[in-house]
Amino acid sequence: MRGSKKPPRWLEAARLRTSGEGADWLSRALSRAGVMPLKDAEEAIRAGRVRLDSREQKEPMAPIHPHSRVSLDGREVSLAFRTRVLAFHKPAGVVTHGSDPQGIGTVFEALAAVLPRELERFGWHAVGRLDRDTTGLLLFTNDEKFVAHATAPATHLPKRYVAKVGAKVNDAKLAPLRRGVKLDDGELTRPAKARPRGEDAVELVLTEGRFHQVKRMLNVVGLPTLALHREAVGLLELDVPLGGFRELTDDEVKTKLHFEPRAPSPRGGEGGQ
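Using this note's numbering, you'd call the opening residue of the sequence shown number 61 and step up by one each time.
Structure follows, in structure tokens:
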């Protein structure tokens, strides 16, 4: 048709992904497979270092398919991948964002500082968020499907927190939390498990994750939060030192986080160079 324009490649990729035809984005597939981090993959593609099905490709969001062949600097690389999940002990002060305007640092920078060389090549996604001043268990993964699983309200994956509060705790104050409380925006929370942990601390287990939810719920019942720590996600307990990490086994991902991890396809193994 006269005057018609071909849709941009990123839009074509998005349409193919949602159509169930097995398409993906080139840069994201490279980072998921551990060939190189997402930012590096985008730069390599724009620099003309990547060929897709024998043709130079300079669009990071170009669509690819399961049988696409990709080479980097003249060497073919595999885009096959398996689901990997890291348990990280987030320290206070860093944000769960890609950048920090205050210059204190991000969880991605904190994680990168302790990753071994073989894990540095992956594109890691934080699974949900913790506030800057909140410490505790934060998961990272290379698999967007796991992010969706772990953060979807329908999954009901419990998260256990301990909050130090600025008032004396008693069972009567916690009773409304077990029924669900109305937040400052008028929304009603799901019922939570709540119990005292001494006179000035509360253990709270949630199956949803709204903005500042723990602090807002405790404010409703007159228990202002002074410090907050996440102890567990699903059945997974925090067991690494502050600022440290460990990689979960496939069995832990299945049994403790209720997610079936993706195994690498026969072609090309786990990916990488």
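By construction, the Cβ of each residue, glycine as well, lies at the ideal position given by its N, Cα and C atoms. Just so we're clear, the structure is a prediction, and the values are computed from it rather than from any experiment.
Can you check whether the CB of V154 is closer than 9 Å to the CB of Y221?
Counted from its first residue, the sequence shown places residue 221 at position 161. Counted from its first residue, the sequence shown places residue 154 at position 94. No, the Cβ-Cβ distance between Y221 and V154 is not below 9 Å.
Between which residues of its own chain and V174 is the CB-CB distance below 7 Å, once the five residues before and five after are set aside?
Along the sequence shown, read from residue 1 onward, the residue named residue 174 stands at position 114. Excluding residues within five positions, the ones whose Cβ falls inside 7 Å are G303, G304, F305.
Inter-residue CB distance, K118 and G134 (contact presumed, cutoff 8 Å)
Counting from 1 along the sequence shown, the entry for residue 118 is found at position 58. Counting from 1 along the sequence shown, the entry for residue 134 is found at position 74. That pair is no contact at about 16 Å.
Between the Cα of V145 and the Cα atoms of V137, I164, W184, L139, which residue gives the shortest distance?
If you number the sequence shown from 1, residue 145 lands on position 85. Answer by Cα proximity: W184.
Rounded Cβ spacing between V262 and A252 (contact assumed at less than 8 Å):
Position 202 of the sequence shown, counting from 1, holds the residue named residue 262. Position 192 of the sequence shown, counting from 1, holds the residue named residue 252. With 8 Å as the limit, V262 and A252 do not qualify as a contact, their Cβ atoms being about 10 Å apart.
Buried or exposed: where does K316 fall if 16 or more other Cβ atoms within 10 Å of its Cβ makes it buried?
Within the sequence shown, residue 316 is the residue found at index 256, counting from 1. Classification for K316: buried.
Since L199 and A210 are thought to touch, with beta carbons under 8 Å apart, how far apart are those beta carbons, to the nearest angstrom?
Sequence index remark: in the sequence shown, residue 199 carries index 139 (1-based). Sequence index remark: in the sequence shown, residue 210 carries index 150 (1-based). Going by Cβ atoms, the distance from L199 to A210 rounds to 7 Å, so yes, they are a contact pair.
Tell me whether the beta-carbon of V225 lies closer than 9 Å to the beta-carbon of L190.
Counted from its first residue, the sequence shown places residue 225 at position 165. Counted from its first residue, the sequence shown places residue 190 at position 130. Not closer than 9 Å, so no.
Going straight from the alpha carbon of I376 to that of A186, what length do you get?
The requested residue 376 is not part of the displayed model; the chain covers only 61 to 333.
On a Cα-Cα basis, can you pick out the residue from E204, L132, V300, F271 that is closest to K150?
Residue 150 sits at position 90 when you count from the first residue of the sequence shown. Measuring from the Cα of K150, the nearest candidate turns out to be V300.
Quick check on the DSSP output: the beta strand (DSSP E) that includes E247 runs from which residue to which?
In the sequence shown, the residue the question calls residue 247 occupies position 187. Looking at the DSSP string, E247 is not in any beta strand (DSSP E), and its letter there is neither H nor E.
Along the chain, where does the beta strand (DSSP E) containing K219 start, and where does it finish?
Against the sequence shown, residue 219 aligns to sequence position 159. From DSSP, the beta strand (DSSP E) with K219 extends over 219 to 225.
Other residues of its chain near T285: CB distance less than 8 Å, five sequence neighbours each side excluded:
Residue 285 sits at position 225 when you count from the first residue of the sequence shown. Excluding sequence neighbours, T285 sits near A223, K224, V225, G226, V274, K275, L278, N279.
Short of 6 Å in beta carbon distance, which residues of its chain neighbour V110, apart from the five on each side in sequence? Order them along the chain.
Here residue 110 refers to the residue found at position 50 of the sequence shown. Excluding positions up to five away in sequence, the list reads A104, Q117, L132.
Does the beta carbon of D231 come closer than 9 Å to any beta carbon on chain C?
Of the protein chains in this structure there is only one, and it is not chain C.
Enumerate in chain order the residues of its own chain whose CB-to-CB distance from L243 is below 6 Å, with the five nearest sequence positions on each side excluded.
Along the sequence shown, read from residue 1 onward, the residue named residue 243 stands at position 183. Closer than 6 Å at Cβ, skipping near neighbours: R276.
Would you decide whether L245 is buried or exposed? Buried here means 16 or more other CB atoms lie within 10 Å of its CB.
On the sequence shown, position 185 is the one that residue 245 refers to. The question names Leu, yet the displayed sequence has Asp at residue 245. Exposed, by the Cβ-count rule.
Whole-angstrom distance between E102 and S87, CA atom to CA atom
Start at 1 with the first residue of the sequence shown, and residue 87 comes out as number 27. Start at 1 with the first residue of the sequence shown, and residue 102 comes out as number 42. Here the alpha carbon of S87 sits roughly 6 Å from the alpha carbon of E102.
Relative to the C-alpha of R177, which residue among V95, K314, P256 is closest?
By one-based count along the sequence shown, residue 177 stands at place 117. Selected option, being the one with the closest Cα: V95.
From the DSSP output, in three-state form, read off P123 for me.
Working through the sequence shown from its first residue, we reach residue 123 at position 63. Reduced to three states, the DSSP call for P123 is strand.
Measuring only the C-alpha atoms, how far is K205 from K314?
To locate residue 205, count along the sequence shown from 1; it is residue 145. To locate residue 314, count along the sequence shown from 1; it is residue 254. Distance between the alpha carbons of K205 and K314: 14 Å.
Can you grab the Cα-Cα spacing for the pair A89 / L308, in whole Å?
The residue labelled residue 89 in the question sits at position 29 within the sequence shown. The residue labelled residue 308 in the question sits at position 248 within the sequence shown. Approximately 21 Å between the Cα atoms of the pair.
To the nearest angstrom, report how far apart T194 and G258 are at their CA atoms.
By one-based count along the sequence shown, residue 194 stands at place 134. By one-based count along the sequence shown, residue 258 stands at place 198. Each residue's Cα considered, the two are about 20 Å apart.
Delimiting residues of the beta strand (DSSP E) encompassing H209:
As a first step, residue 209 must be located in the sequence shown, where it is residue number 149. Here H209 belongs to no beta strand (DSSP E); instead the alpha helix (DSSP H) covers 204 to 211.
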